[in-house]
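Here is the structure we will look at.
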Amino acid sequence: RKNIMTKLITFCFCHWLANTFGSLCNAFSMNHRSLNRSSKTLHISHRRRQSSNDITMGLEVKIRMVGRKNGGEKWLEAAYSTYETRLKPTNLKVTTQYHKSDHELIKGTEADANKNHKVILLDPLGNMFTSETFSENMYRWLEEGGSRLTFVIGGAEGLPDDLKKGRNKQTMLSLGMLTFTHQFARILLMEQVYRASEIRKGSGYHK
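The sequence shown runs 3 to 209 under the numbering used here.
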């Protein structure tokens, strides 16, 4: 009887131990899978936030043009400053780089292109867009250029042929069929850059 009782107790203990160990393994496996899913979710979420931050932080737009900084009329600079001030609270910084000659303009533009910045040439033969499409394109160009975008405005004679025949000839923008001075073209471009940012935000500026 003692042997039978001992075997029965041993069998029950082993059965309990096996069930308990199995439950613990299942719980560990489920927790491990849950942690893996959580880790993957966090990783994907981090990548999405990082991708979003790449296009929402530190955006820089540069306007390269032939001319002098103080060469325009005061009202033109006042108009430019108006939009420059409006852009300050945003994540979009716009600067103007003046060049004394076409040669310097070409050199500066090629330097930006070599840094993989997106370069857009302003030319009457370029594509014309609505403000909504320009907004979409501007942010796409910023993404393609690593948050760096350069608009190039020629002097009184327009853009030099060396630029239009170079690597950027396929990326040209026209502000319209009318003729503007290069200083006025800068104001129009600045307003559209500001409008593009407001369209992006969904504000009431663009109606």
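No residue lacks a Cβ here, since even glycine has one placed at the ideal position from N, Cα and C.
Around the Cβ of residue i, are there at least 16 other Cβ atoms within 10 angstroms (buried) or fewer (exposed)?
i: Lys147; result: Note that residue 147 is Gly in the sequence shown here, rather than Lys. Label assigned to Gly147: buried.
i: Thr152; result: buried
i: Ser199; result: buried
i: Leu177; result: buried
i: Asp114; result: buried
i: Thr181; result: exposed
i: Ser40; result: For Ser40, the predicted structure reports a pLDDT of 47, less than 50, and the residue's modelled location is therefore unreliable. A value from the coordinates is still provided. Looking at its Cβ environment, which holds fewer than 16 other Cβ atoms inside 10 Å, Ser40 is exposed.
i: Tyr82; result: buried
Among the options, which residue has its Cα nearest to the Cα of residue i?
i: Leu123; options: Gly157, Lys71, Ser149; result: Gly157
i: Arg202; options: Ile108, Leu180, Leu94; result: Leu94
i: Ser103; options: Tyr207, Val68, Thr92, Leu144; result: Val68
i: His105; options: Pro162, Lys167, Thr132; result: Pro162
i: Phe186; options: Leu61, Trp77, Thr173; result: Trp77
i: Pro126; options: Gly160, Thr97, Leu107; result: Gly160
i: Met192; options: Pro91, Lys117, Thr97; result: Thr97
i: Val121; options: Thr132, Tyr85, Val63; result: Val63
i: Gly204; options: Lys90, Thr173, Ser137, Glu145; result: Ser137
i: Leu107; options: Lys166, Gly206, Tyr207; result: Lys166
Just curious, the alpha helix (DSSP H) that residue i is in, first and last residue?
i: Gly110; result: 104-116
i: Phe136; result: 133-146
i: Phe186; result: 184-203
i: Glu86; result: 76-89
i: Leu165; result: 163-166
Where residue i and residue j are concerned, what is the direct C-alpha to C-alpha distance, given to the nearest angstrom?
i: Thr58; j: Met179; result: For Thr58, the predicted model reports a pLDDT of 49, less than 50, meaning its position is unreliable; a value from the coordinates is still stated below. Roughly 33 Å separates the two Cα atoms.
i: Asn139; j: Glu75; result: 31 Å
i: Lys209; j: Ala80; result: 24 Å
i: Trp143; j: Leu61; result: 11 Å
i: Gln194; j: Thr183; result: 17 Å
i: Asn116; j: Lys109; result: 11 Å
Is the CB-CB distance between residue i and residue j below 9 Å?
i: Gln197; j: Ile155; result: Reading the sequence as shown, one finds Arg at residue 197 and not Gln. No. Outside cutoff.
i: Arg70; j: His119; result: no
i: Leu175; j: Met130; result: yes
i: Arg66; j: Thr135; result: no
What residue range does the beta strand (DSSP E) around residue i cover?
i: Leu127; result: 120-129
i: His211; result: The displayed coordinates of the chain run from 3 to 209. Any statement about residue 211 would go beyond what the structure contains.
With a threshold of 9 Å between beta-carbons, can residue i be considered close to chain D, or not?
i: Leu123; result: No chain D is part of this structure, which consists of one protein chain only.
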